[in-house]
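So the sequences go chain by chain: S and H.
If you number the first sequence the way this note's numbering does, the last residue is 161 and the count never jumps.
If you number the second sequence the way this note's numbering does, the last residue is 357 and the count never jumps.
For glycine and all other residues, C-beta sits at the position ideal for the given N, C-alpha and C.
Note that the structure is predicted; figures quoted are calculated from it, not measured.
Report on one structure; see the data block that follows.
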Amino acid sequence: VVVGRASDGLGSDRGELVVVTSAGGVLLEVLSLAREWRGGCRFVAADAVDTREELRGETVLFRTECPAIPIPLGRELWRALADLASRRPALLVSAGTGLAVPWFVAAWLLRVPLVWVETLNIVGENGLAAKVCSRLASVVAVQRGDRVGAHRRAVLVGDLY
Amino acid sequence: MVGEQAAEPLRRQSIVVTVGMGPWPFDRLVAAAGRLAAAFPADYNVFVQRGSSRIPVPCPSMDFVSPEELRSRMAAADVVVSHAGNTLRLVQRAGKVPIAVARERRRGEMGNDHQVRYLEREQGTSRVIGLWGDLDGLAAAVANHAEAEGRLLSARPPPADASVAQAWERIGAAMSVPRRLGRSRWARQDDVGRAR
């Protein structure tokens, strides 16, 4: 799945990155990573003012996400399975929140490598989506040194934005 | 002539209040911002980004603003009051000290209390002023902000620099390391391959 330069294990031609993101702070974090990705990139994003603006010009699948209308997990999982099976991305990345769950489950089932980014303002117990996604992830990128021990597959990456 | 010089009008301080882009209403902070604007119309020029809150405020407000506009407003503001989200880091990187209010689960402001834990940690170590409870202390916090900001800027270090290229290197290195069976899908593939 991953080819190229050996020094960082990802390579200079990394293939396609899929970024799944909600609005707000998590968008800042995954957008920072996406901008440094050497390869194709597309987004699955909660439909919001900031995602619409920040992702202008990008390939984006906008989804509805709000507490009053929970994401229909089954339907979203099916959509994610169909999408990922046909496109076979090199990597899927997310920092949250609920929208990430069906996409992480689908990617995990299809053996697409996963990176969960623990958002900067997590200093204690994770929310439900983060618990699910971090357990499925190949790597959990944490931004605080004292969070390395909170996940089995944690790697300290420092501040992302 | 002494005593007849026209007094220079005081500039109204610019206050930006933001509750973030998430779907949870943050009525407590929006209402407090409204009280501040109503009580000190001659002192403060308050702008409120209200999110999904339906609380009316007697000052300019928008439900959501674009990231570019929010950054511009925060850069120009004398005081930024924010929910305890990732916005705090943006304000700190702009060389300012935000006043922060954590969303609380028991008040229906979020699905969990991670902002509470985050702000409890940050207010003891970083460049932020935490505000809690019913937020009646907002006016005092704004009035005392300049002094508190100066003190915190000199006493506490700026946020660490971000290095995303280095982040990818570390992520890639971690993904290239085989793991024990059952600890990662990479490891399962490797181990199955070896078993055959």
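Considering residue i, what are the terminal residues of the alpha helix (DSSP H) in which it resides?
i, result
"H:A372", "Past the boundaries of the shown model lies residue 372 of chain H; chain H is included only from 162 to 357, so the question cannot be answered."
"H:Y279", "275 to 286"
"H:A199", "188 to 200"
"H:R234", "228 to 237"
"S:V105", "100 to 109"
"S:E53", "49 to 54"
"H:R317", "Taken as a continuous stretch (DSSP letters only), H:R317 belongs to no alpha helix (DSSP H), as it is neither H nor E."
"S:L160", "Per DSSP, S:L160 belongs to no alpha helix (DSSP H) and is neither H nor E."
"S:W78", "73 to 87"
"H:L251", "248 to 254"
"H:L299", "299 to 304"
For the beta strand (DSSP E) holding residue i, just list the boundary residues, first then last.
i, result
"S:L28", "That residue, S:L28, is in no beta strand (DSSP E); its alpha helix (DSSP H) goes 25 to 35."
Can you tell which of the options has the C-alpha that lies nearest to the C-alpha of residue i?
i, options, result
"S:L17", "S:E76, S:A107, S:R63, S:A34", "S:A34"
"H:P374", "H:V252, H:W329, H:D204, H:A198", "Residue numbering for chain H in the displayed model covers 162 to 357; residue 374 of chain H lies beyond these limits and cannot be assessed."
"H:T286", "H:H244, H:R189, H:A321, H:S222", "H:A321"
"H:V226", "S:W78, S:R87, S:A48, S:R152", "S:A48"
"H:S214", "H:W329, H:R264, H:W293, H:R317", "H:R264"
"H:V241", "H:G272, H:D204, H:V289", "H:V289"
"H:G291", "H:P259, H:L251, H:P219", "H:P259"
"H:V180", "H:L171, H:A192, H:R173", "H:A192"
"H:P314", "H:A255, H:C220, H:A203", "With the sequence shown as reference, residue 314 of chain H is identified as Leu, and Pro is not the correct amino acid for it. Comparing Cα positions, the closest option is H:A255."
"S:T119", "S:L28, S:W108, S:L84", "S:L28"
"S:L156", "H:A316, H:A328, H:A323", "H:A328"
"S:T97", "S:G15, S:G149, S:V19", "S:V19"
"S:W108", "S:G57, S:G39, S:R56, S:C133", "S:C133"
"S:S94", "S:A106, S:G149, S:R14, S:L114", "S:L114"
"S:L77", "S:E53, S:L55, S:A90, S:V44", "S:V44"
"H:D239", "H:P221, H:R211, H:N206", "H:N206"
"H:R173", "H:D188, H:D204, H:A261, H:L231", "H:D204"
"S:E54", "S:S86, S:L31, S:A154, S:G39", "S:L31"
"H:P202", "H:I176, H:G311, H:R267, H:A302", "H:I176"
"S:A46", "S:E36, S:G40, S:E65, S:R38", "S:E65"
"H:P219", "H:R267, H:G195, H:R317", "H:G195"
"H:K257", "H:R266, H:R234, H:G272, H:H275", "H:R234"
"S:R38", "S:D50, S:G15, S:T51, S:R56", "S:G15"
"S:A85", "S:V105, S:L110, S:G149, S:V117", "S:L110"
"H:D274", "S:L128, S:G57, S:W116, S:A106", "S:L128"
"S:R88", "S:L160, S:G149, S:R42", "S:R42"
"S:L91", "S:V112, S:G57, S:V105, S:R153", "S:V112"
"S:K131", "S:A150, S:R144, S:E36, S:R52", "S:A150"
"H:A323", "H:S222, H:L171, H:Q253, H:R317", "H:Q253"
"H:L190", "H:L171, H:V262, H:E230, H:P221", "H:V262"
"S:T51", "H:R317, H:Y279, H:P228, H:S222", "H:P228"
To which residues does DSSP link residue i through a beta bridge?
i, result
"S:R42", "S:V18"
"H:M223", "H:Q210"
"H:R312", "Answer by DSSP bridge pairing: none, since H:R312 is not bridged."
"S:V93", "S:V19, S:V115"
"H:S175", "H:N206"
"H:L292", "H:V262"
"H:S243", "H:T179, H:A261"
"S:A154", "S:V140"
"S:L61", "S:V44"
Any Cβ of chain A within less than 8 Å of the Cβ of residue i?
i, result
"S:G15", "The structure shown contains no chain A; its protein chains are S and H."
Three or more C-beta pairs below 8 Å linking the segment 122 to 129 of chain S and the segment 293 to 308 of chain H: Counting Cβ pairs under 8 Å, fewer than three are found: no touch.
Cβ pair count under 8 Å reaching 3, the segment 270 to 287 of chain H against the segment 326 to 338 of chain H: A contact between stretches requires three or more CB pairs, one per stretch, nearer than 8 Å, and the segment 270 to 287 of chain H fails this requirement with the segment 326 to 338 of chain H.
Stretch-stretch touch, CB-based, cutoff 8 Å, three pairs: the segment 303 to 311 of chain H with the segment 58 to 66 of chain S: No, the segment 303 to 311 of chain H is not in contact with the segment 58 to 66 of chain S.
Any 3 or more C-beta pairs closer than 8 Å across the segment 177 to 187 of chain H and the segment 135 to 147 of chain S: Counting C-beta pairs with one atom in each stretch, the segment 177 to 187 of chain H and the segment 135 to 147 of chain S have fewer than three that are closer than 8 Å, which means they do not touch.
Stretch-stretch touch, CB-based, cutoff 8 Å, three pairs: the segment 17 to 27 of chain S with the segment 241 to 251 of chain H: By the C-beta criterion, the segment 17 to 27 of chain S is judged to be in contact with the segment 241 to 251 of chain H, since at least 3 inter-stretch pairs fall below 8 Å.
Contact the segment 72 to 81 of chain S vs the segment 91 to 104 of chain S: 3+ CB pairs below 8 Å: Judged by Cβ distances under 8 Å, the segment 72 to 81 of chain S makes contact with the segment 91 to 104 of chain S, as three or more pairs qualify.
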